[in-house]
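Here the structure comes first, spelled out in structure tokens, and everything after it is commentary.
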Amino acid sequence: KLHSDLDKGVGTVKYTLSGDGAGTVFTIDETTGDIHAIRSLDREEKPFYTLRAQAVDVDTKKPLEPESEFIIKVQDINDNEPKFLDGPYVASVPEMSPVGAYVLQVKATDADDPTYGNSARVVYSILQGQPYFSIDPKTGVIRTALPNMDREVKEQYQVLIQAKDMGGQLGGLAGTTTVNITLTDVNDNPPRFPKSIFHLKVPESSHVGSAIGRIRAVDPDFGKNAEIEYNIVPGDGGNLFDITTDENTQEGVIKLKKPLDFETKKAYTFKVEASNLHLDHRFHSVGPFKDTATVKINVLDMDEPPVFSKPMYTMEVYEDTPVGTIIGAVTAQDLDAGSSSVRYFIDWKNDVDSYFTIDATEGTIATNELLDRESTAQYNFSIIASKVSNPLLASKVNVIINVLDVNEFPPEISVPYETSVCENAKPGQVIQTITAADKDLSPAGQRFSFKLSSEASNKPNFTVHDYRNNTAGIETRRNGYSRRQQELYFVPIVIEDSSYPVQSSTNTLTIRVCRCDSDGTIQSCNVEAIFLPVGLSTGALIAILLCIVILLVIVVLYVALRRQKKKDTLMTSKEDIRDNVIHYDDEGGGEEDTQAFDIGALRNPKVIEDNKIRRDIKPDTLCFPRHRPPAEDNRDIRDFINQRLQENDVDPSAPPYDSLATYAYEGNGSVAESLSSIDSLTTEADQDYDYLSDWGPRFKILADMFGEESYNPDKVT
9 KLHSDLDKGV
19 GTVKYTLSGD
29 GAGTVFTIDE
39 TTGDIHAIRS
49 LDREEKPFYT
59 LRAQAVDVDT
69 KKPLEPESEF
79 IIKVQDINDN
89 EPKFLDGPYV
99 ASVPEMSPVG
109 AYVLQVKATD
119 ADDPTYGNSA
129 RVVYSILQGQ
139 PYFSIDPKTG
149 VIRTALPNMD
159 REVKEQYQVL
169 IQAKDMGGQL
179 GGLAGTTTVN
189 ITLTDVNDNP
199 PRFPKSIFHL
209 KVPESSHVGS
219 AIGRIRAVDP
229 DFGKNAEIEY
239 NIVPGDGGNL
249 FDITTDENTQ
259 EGVIKLKKPL
269 DFETKKAYTF
279 KVEASNLHLD
289 HRFHSVGPFK
299 DTATVKINVL
309 DMDEPPVFSK
319 PMYTMEVYED
329 TPVGTIIGAV
339 TAQDLDAGSS
349 SVRYFIDWKN
359 DVDSYFTIDA
369 TEGTIATNEL
379 LDRESTAQYN
389 FSIIASKVSN
399 PLLASKVNVI
409 INVLDVNEFP
419 PEISVPYETS
429 VCENAKPGQV
439 IQTITAADKD
449 LSPAGQRFSF
459 KLSSEASNKP
469 NFTVHDYRNN
479 TAGIETRRNG
489 YSRRQQELYF
499 VPIVIEDSSY
509 PVQSSTNTLT
519 IRVCRCDSDG
529 TIQSCNVEAI
539 FLPVGLSTGA
549 LIAILLCIVI
559 LLVIVVLYVA
569 LRRQKKKDTL
579 MTSKEDIRDN
589 VIHYDDEGGG
599 EEDTQAFDIG
609 ALRNPKVIED
619 NKIRRDIKPD
629 TLCFPRHRPP
639 AEDNRDIRDF
649 INQRLQENDV
659 DPSAPPYDSL
669 ATYAYEGNGS
679 VAESLSSIDS
689 LTTEADQDYD
699 YLSDWGPRFK
709 ILADMFGEES
719 YNPDKVT
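Structure follows, in structure tokens:
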């Protein structure tokens with residue numbers, strides 16, 4: 009209630025209200041100033057309200073007093089029960105835990121005012137889950153209430169927890185939640201075999217490494233606490249078997265380590281021990297965490313293939329052994345009760361197997377072809393033995409035949425050597441170490457000897473020093489060698505082996521003489537280097553060659569320029585016409601000689617004028633006939649030629665070179681005049697040819713022909 013001292017009760021004062029909830033939650037009587045709540049209040053929703061009140065004059069609307077502020081607090085009542093905000097809960101605790109072992113802490117929340125009364129004071133209790141668990145009433149901590157709770161007996165527990173306010177008194181509000189508690193496993197149980205003896209039946213044909221049976225020990229624990237390890241206790245027959253653990257089923261898988269044979273042993277007995285891998289020391293006092301059982305295995309008889317006496321056969325034979333020679337035998341037996349005969353044959357896979365044959369009954373192996381160790385040193389093939397009563401039952405064995413060597417190849421130098429010797433070599437200097445190789449394979453190892461051939465022993469150029477370790481050294485025997493005298497030396501070396509019969513070969517070693525420095529380093533081995541000056545270096549030789557090349561280029565350029573200049577001079581006179589001189593110092597070889605001279609040189613000058621060629625260019629090169637000594641009585645022609653030659657020499661318009669000039673002139677003033685009888689008025693009988701004898705030896709044959717023979721007209725036809 010609000011009241012102003014200025015309010016006289018006559019209705020002149022008006023009260024107003026503002027602030028939180030004014031008009032919605034709270035209202036005021038404007039005349040009396042009474043404040044009323046117009047709806048229900050919830051402390052958990054809003055615990056207090058701040059309001060402002062004022063008294064004003066009804067007539068003037070002016071405040072009579074300053075505005076005043078006041079707070080309305082909501083008083084709490086127990087209208088909210090405790091609540092588990094995190095429920096339901098899940099917890100776990102190891103089995104066999106002691107009493108009071110911590111499990112979980114729960115917490116309930118009450119929305120009432122904890123500062124006013126007992127509305128928010130919560131007490132915890134267990135409604136369901138006793139006597140296994142207990143809870144602290146104030147803290148809500150849950151603990152075990154019974155000792156040795158066994159997971160294998162009961163694993164899951166559901167506990168119902170209650171939280172009640174008002175300190176648990178009558179009339180208080182309560183809330184509940186569920187706690188699911190699981191007992192976790194500990195290794196508190198050893199493995200146990202469900203029976204003490206296990207019987208297994210195994211065929212004798214079982215393969216090594218195959219599983220022949222399973223046994224199982226039971227462990228009620230869970231997870232890694234239930235993992236079991238199986239071991240065979242050493243004893244009768246245990247060395248033929250092995251046991252492993254199947255990780256999925258925890259069973260013991262018995263496997264075969266060695267082959268079984270019913271004819272040798274029909275039954276085996278041994279013990280198997282099962283134990284936990286992960287032990288808990290808290291439970292050692294319970295007893296050993298392992299168990300033992302007996303395993304009895306009965307071997308079942310099976311019809312088996314023949315068995316060879318050896319797992320593999322190795323034989324030896326000399327190469328070139330005659331065809332059909334027996335080199336060995338294989339043996340297989342049928343070990344079953346009703347023993348059957350055995351047949352042998354080669355397992356054909358390739359052409360190599362055809363080198364041998366086998367006797368189907370006896371199993372003897374013989375050669376079928378001639379063997380060559382150098383071609384194939386070892387043969388590897390398989391032989392199959394099958395039962396006559398059941399050919400499908402067969403076994404196989406591997407046979408290795410080594411071909412022994414017969415000494416048939418001589419040793420030779422292993423690799424081609426490029427040997428050189430310095431010109432300044434000293435006697436006894438080793439210039440090359442050689443080795444040998446032999447295609448034969450000696451069982452005692454290769455032993456080679458080296459020596460010079462007999463024809464080379466007399467030449468004191470080189471010698472062979474045998475080191476007796478299958479190597480030899482080539483040593484010099486002279487004090488220096490000359491490439492100018494001999495560039496290559498051929499040294500024949502005889503190499504012998506130590507096998508029987510002894511084989512030898514002569515190998516030629518080529519030694520080249522080289523120029524070396526004082527330290528023995530080879531500088532040059534080329535043939536051309538012999539003729540080079542010793543004092544000139546490579547750089548000096550290159551400089552000399554460059555100078556020669558430059559001089560040759562200069563000469564070629566000079567000749568080319570001269571030819572070009574000469575050609576230009578010839579082209580300056582296009583109408584240059586002159587006579588060309590041809591000098592024939594040959595009188596001919598008679599009527600049968602048509603190749604002595606060119607008859608065209610005696611053609612008529614008029615014909616030449618009609619077929620005049622250009623003389624302003626250089627004529628083609630002419631092939632002059634062979635020259636003969638000039639005749640004694642040709643002075644007239646010689647004078648004519650000299651005259652015309654002089655005219656051409658003094659002619660300033662003539663080109664500065666000689667060329668062919670044709671002079672169609674036979675000469676005049678000949679003593680013999682014309683030799684032709686075409687224009688002669690006399691007959692051949694009237695002619696006197698005695699004067700031909702005076703013309704010299706060149707006309708001797710003609711004079712003999714016409715001077716000695718008398719003319720006989722009757723012979724003319």
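Residue numbers for the sequence shown follow this note's numbering, so the first one is 9 and each next one is one higher.
We treat Cβ as the ideally placed atom computed from N, Cα and C, and that holds for glycine.
Looking at the unbroken beta strand (DSSP E) that takes in residue i, where does it start and where does it end?
| i | result |
| --- | --- |
| residue 299 | 298 to 308 |
| residue 224 | 219 to 224 |
| residue 327 | Run containing residue 327: none; DSSP gives neither H nor E here. |
| residue 389 | 386 to 395 |
| residue 335 | 334 to 337 |
| residue 207 | 205 to 211 |
| residue 189 | 182 to 192 |
| residue 738 | This structure cannot settle anything about residue 738, because the visible part of the chain is limited to 9 through 725. |
| residue 706 | Where residue 706 is concerned, there is no enclosing beta strand (DSSP E), given that its DSSP letter is neither H nor E. |
| residue 410 | 402 to 412 |
| residue 470 | 470 to 474 |
| residue 241 | 236 to 241 |
| residue 27 | 21 to 27 |
Identify, in the order they occur along the chain, each residue of the same chain with its Cβ nearer than 7 Å to the Cβ of residue i, setting aside the five sequence neighbours on each side.
| i | result |
| --- | --- |
| residue 145 | 131, 132, 133 |
| residue 234 | 227, 258 |
| residue 524 | 430, 431, 432, 530, 531 |
| residue 435 | 484, 485, 486, 487 |
| residue 209 | 306, 308 |
| residue 30 | 59 |
Applying the criterion that 16 or more other CB atoms from any shown protein chain within 10 Å of the CB defines a buried residue, is residue i buried or exposed?
| i | result |
| --- | --- |
| residue 212 | buried |
| residue 249 | buried |
| residue 270 | buried |
| residue 327 | buried |
| residue 650 | exposed |
| residue 243 | exposed |
| residue 375 | buried |
| residue 172 | buried |
| residue 413 | buried |
| residue 549 | exposed |
| residue 51 | buried |
| residue 394 | buried |
| residue 170 | buried |
| residue 185 | buried |
| residue 197 | buried |
Between which two residues does the alpha helix (DSSP H) harbouring residue i extend?
| i | result |
| --- | --- |
| residue 656 | 643 to 658 |
Ordered along the chain, which non-local residues of its own chain (more than five positions away) have a Cβ less than 8 Å from that of residue i?
| i | result |
| --- | --- |
| residue 70 | 64 |
| residue 139 | 153, 154 |
| residue 541 | The pLDDT assigned to residue 541 is 44, lower than 50, so where the model puts this residue is not dependable; a value taken from the coordinates is nonetheless given after this. Here the set comprises nothing. |
Does the separation of the CB atoms of residue i and residue j fall below 9 Å?
| i | j | result |
| --- | --- | --- |
| residue 165 | residue 201 | no |
| residue 43 | residue 16 | no |
| residue 229 | residue 195 | yes |
| residue 485 | residue 457 | no |
| residue 501 | residue 421 | yes |
| residue 787 | residue 461 | The structure shown does not extend to residue 787, since the chain is modelled only from 9 through 725, so no value can be given for it. |
| residue 336 | residue 373 | yes |
| residue 407 | residue 385 | no |
| residue 302 | residue 206 | yes |
| residue 80 | residue 59 | yes |
| residue 246 | residue 298 | no |
| residue 370 | residue 352 | yes |
| residue 174 | residue 183 | no |
What residues in its chain sit with their C-beta under 6 Å from that of residue i, if we drop five residues either side in the sequence?
| i | result |
| --- | --- |
| residue 506 | 455 |
| residue 46 | 35 |
| residue 61 | 10, 25, 76 |
Checklist entry - Is the region 317 to 333 in contact with the region 363 to 383, if contact means three or more CB pairs nearer than 8 Å? => result Using a C-beta cut-off of 8 Å, the region 317 to 333 makes contact with the region 363 to 383, since at least three inter-stretch Cβ pairs fall below that distance.
> If you pair each beta-carbon of the region 96 to 113 with each one of the region 53 to 62, do three or more pairs fall below 8 Å?
Replying inline: No, because fewer than three Cβ pairs between the region 96 to 113 and the region 53 to 62 fall closer than 8 Å, the two stretches do not touch.
### Touch test, the region 87 to 99 against the region 107 to 122, Cβ-Cβ under 8 Å, three pairs minimum
Touching, yes.
Answer yes if the region 466 to 485 comes into contact with the region 391 to 400, meaning at least three C-beta pairs across the two stretches below 8 Å, and no otherwise. No, they do not touch.
*Examine the Cβ distances between the region 219 to 226 and the region 183 to 193 and report whether three or more of them are shorter than 8 Å.*
Under the 8 Å Cβ criterion, the region 219 to 226 does not count as touching the region 183 to 193, having fewer than three qualifying pairs.
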